[in-house]
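Keeping their order, the protein sequence lines are chains V and S. Note that our numbering has the first sequence beginning at 16, numbered continuously upward. Note that our numbering has the second sequence beginning at 10, numbered continuously upward. Cβ coordinates follow ideal geometry from the N, Cα and C atoms, glycine included.
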Amino acid sequence: MSLTFTGASGMDADARRKQLSAALYRVARGDRPALRLVYDMTSAKLFGICLRILNDRSEAEDVLQDVYLTVWRKAASFDEARASPITWLVAIARNRAIDRLRSGGVLRLSEPIEAADAVTDPAPTAAETLEVAQEHKRLKSCLDELEGRTSASIRAAFMDGLTYEELAERSGVPLGTMKSWIRRGLAKLRACLER
Amino acid sequence: MSDNGTRGLEERGTLIAAEYVLGVLDAVQRRAAERRIGRDPAFAREVAFWEERLGGLADAVPPVEPPLDGWARIEAALARADRATEAKPGFWHNLPLWRGLALASSTLAAACIATLIYVGMVPSTAPLLARLDAESGQAGFVAAVSPGGGSLTIVPASLLSAEQKAMELWLIPPGEKPHSLGLIDPDKPVTISVPKSLLPKVNSEAILAVSLEPPGGSPTGQPTGPVIANGKLAAL
């Protein structure tokens, strides 16, 4: 089984993070086995993210390939001081998947936001790093300070890559209302995260 | 809460950065945000902030086992990219095809010029011509300057592949740094207007060179990539 970044692997999570950073630096120097290592450590996580956004296995497989080719080309721009390795990889995967979605041609099932929200709080994974766990906890508590509908919309937007229009449609509110919820929510979130 | 909160964020581009990371922007807005990341460091920091903070939401997405041939597909795509990269220098230096064409190359260039004159792209009175050769001595491009010197037509004399690189043409007067004449096309003739300031320098003393640059051209105003062909201008 391939390992996920936060999955229980027997390896200390901080060591995994360091190993992943080191592998990305090697990829930046054109080291292909290092790319394989990055793939083995993160592909299940990134595939899950692509699949969640695209909701289509074949599209998600194409995007996953694209994601690691992007990692191969862009590894030189990874900087441990600016981003954690998994954040960097997740951002690439999400951006690729959302771009594919926006380019059209991907049919999406329309499901109410409540359904999307239901899977956002699974049991915490066993080997989450203390740091990641704390950051996640902080994010969660800041989201919990928002109105329920606002935090649900922000979560749905992030997890499913929905546009304002899609979010508004799914929640059955006017576009302007949805924009206002999310923008105010983001402003509050920003203030809370900076506290 | 008042709208002041969102307005403050909007001014600093924070809101767009957050919306970009959240994923609610449409394709056009996403491209605009990506361009801004490239030129606005404060905006790039905002994007990084949100990626780091909102990234935690991704923990809630359950991992899914990728397809069994997932890695094999990536490896195959990398191998294809390798072959494309190797083909570039190979084309210039190694290909047996080129050895066969070696003797024909000056004829090839002459034929190009003759064709250009024939189709009217280059006036028969063109005072200055240049054959831009690759390191191997093969003709890469043929360039002809218009009679007034105000424009220059450059024609690829062989098949070139630059993948995602741009090809930029440089004028190098003796003892001077290269002056960019703009981007050219590996697939078709391009006519370039020579900037007025450079007009006096387009003469039989100058050299033309083509370099490989990032898409959009050299970011520094000087060649940053390898020079793939160069040649001296000469009166016909």
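Note down the Cα distance separating V82/V from A81/S, rounded to an integer number of angstroms. Cα to Cα, the separation comes out at about 14 Å.
Rounding to the nearest angstrom, what Cα-Cα distance links G154/V and G47/S in this structure? Sequence check: residue 154/V is Leu here, not Gly. In a straight line, the C-alpha of L154/V is about 27 Å away from that of G47/S.
Span of the alpha helix (DSSP H) around V203/S: From DSSP, V203/S is part of no alpha helix (DSSP H); its letter is neither H nor E.
By the DSSP assignment, the alpha helix (DSSP H) with G191/V in it spans what residues? First-last of the alpha helix (DSSP H) with G191/V: L190 to E209.
Neighbourhood of S36/V by C-beta distance below 6 Å, restricted to the same chain and skipping five residues each side: Answer for S36/V: E95 and P100, listed in chain order.
Roughly how many whole angstroms lie between the Cα atoms of R117/V and C65/V? A straight-line Cα-Cα distance of about 13 Å links R117/V and C65/V.
Please return the same chain residues whose Cβ sits closer than 7 Å to the Cβ of A42/S, not counting the five positions on each side in sequence. Excluding sequence neighbours, A42/S sits near I25, Y29 and L34.
Looking at the C-beta of R82/S, does it have a partner C-beta in chain V at a distance below 9 Å? Interface residue, yes.
Would you mind sorting R38/V into buried or exposed? The rule is 16 or more other CB atoms within 10 Å of its CB. First, the residue type needs correcting, since residue 38/V is Ala and not Arg in the sequence shown. So A38/V counts as buried.
Given a cut-off of 9 Å, decide if E74/V and P75/S are closer than it, judged by their beta-carbon atoms. No, Cβ-Cβ distance for P75/S and E74/V is not below 9 Å.
How should T192/V be labelled, buried or exposed, when 16 other C-beta atoms within 10 angstroms of its C-beta is the threshold for buried? Classification of T192/V: exposed, given that the 10 Å Cβ count is below 16.
Residue nearest to A53/S in terms of C-alpha spacing, selected from E222/S, I163/S, G240/S and A27/S: Ranking the options by Cα distance to A53/S, first place goes to A27/S.
Partner residues on chain V for V236/S, Cβ-Cβ distance less than 7 Å: Those do not exist, as V236/S stays about 23 Å from chain V at its closest Cβ, beyond 7 Å.
Taking 9 Å as the threshold (beta carbon to beta carbon), is D35/S in contact with chain V? Yes, its Cβ sits closer than 9 Å to a Cβ of chain V.
What would DSSP say about D142/S, mapped onto helix, strand or coil? It is a strand residue.
Measuring CB to CB, does A175/S end up less than 9 Å from S213/S? Contact: no.
Within the 9 Å Cβ cut-off, does T23/S reach chain V? Using beta-carbon distances, T23/S counts as an interface residue toward chain V, with a partner under 9 Å.
Is the shortest distance between the beta-carbon of V73/S and the beta-carbons of chain V less than 9 Å? Yes, V73/S lies at the interface with chain V (some Cβ there is under 9 Å from its Cβ).
With a cut-off of 9 Å, does the C-beta of E95/V fall near any C-beta of chain S? Closer than 9 Å: no.
DSSP three-state assignment for V56/S, whether helix, strand or coil: Note: V56/S maps to helix in three-state DSSP.
Note down the Cα distance separating K89/V from A43/V, rounded to an integer number of angstroms. Spanning the two alpha carbons is a distance of roughly 7 Å.
Candidates E84/S, I201/S and V211/S: closest to A49/V by CA position: It is E84/S.
Quick one: what's A218/S bridged to in DSSP? The partner list for A218/S (beta bridge, DSSP) reads W179/S and N239/S.
Only counting the same chain, and skipping five residues up and downstream in sequence, which positions put a Cβ closer than 6 Å to that of K33/V? Nothing listed; no residue qualifies.
Which residues of chain S have a Cβ atom closer than 9 Å to the Cβ of S99/V, listed in chain order? By Cβ distance, chain S contributes E61 and G64.
When we look at the beta-carbon of D196/S and count the other beta-carbons within 10 Å, is it buried (16 or more) or exposed? Under this definition D196/S is an exposed residue.
If I follow the unbroken alpha helix (DSSP H) through S155/S, where does it start and stop? That residue, S155/S, is in no alpha helix (DSSP H); it is neither H nor E in DSSP.
In whole angstroms, give me the CA-to-CA distance for P183/S and D194/S. Their Cα atoms are separated by approximately 26 Å.
Give the range of the alpha helix (DSSP H) segment to which G47/S is assigned. For G47/S, the uninterrupted alpha helix (DSSP H) segment begins and ends at A36 to R48.
According to the neighbour-count rule (16 or more other Cβ atoms, all chains shown, within 10 Å of its Cβ), is S114/S buried or exposed? Low confidence applies here, because S114/S scores a pLDDT of 49, under 50, leaving its location unreliable; read the following figure in that light. S114/S is buried by the Cβ-count criterion.
Restricting to Cα atoms, I'd like to know which of G159/S, S220/S and A238/S is closest to K210/S. Nearest option by C-alpha distance: G159/S.
Terminal residues of the continuous beta strand (DSSP E) containing L61/V? It is not in any beta strand (DSSP E) - L61/V instead sits in the alpha helix (DSSP H) that spans R47 to L69.
What's the C-alpha gap between N110/V and K205/S? Between N110/V and K205/S, the C-alpha separation is close to 44 Å.
Once you ignore the five residues that flank H188/S on each side, which residues in its own chain have a CB closer than 6 Å to its CB? Closer than 6 Å at the Cβ level, and outside the excluded window around H188/S, lie L180 and L207.
Just verifying my parser: in three-state terms, what is the DSSP assignment at A100/V? Going by the sequence as given, residue 100/V is Pro instead of Ala. Helix at P100/V.
Sort K60/V, E181/V, D114/V and E180/V by Cα distance to R40/S and report the nearest one. Distances from the CA of R40/S to each of K60/V, E181/V, D114/V and E180/V were compared; the closest alpha carbon is that of D114/V.
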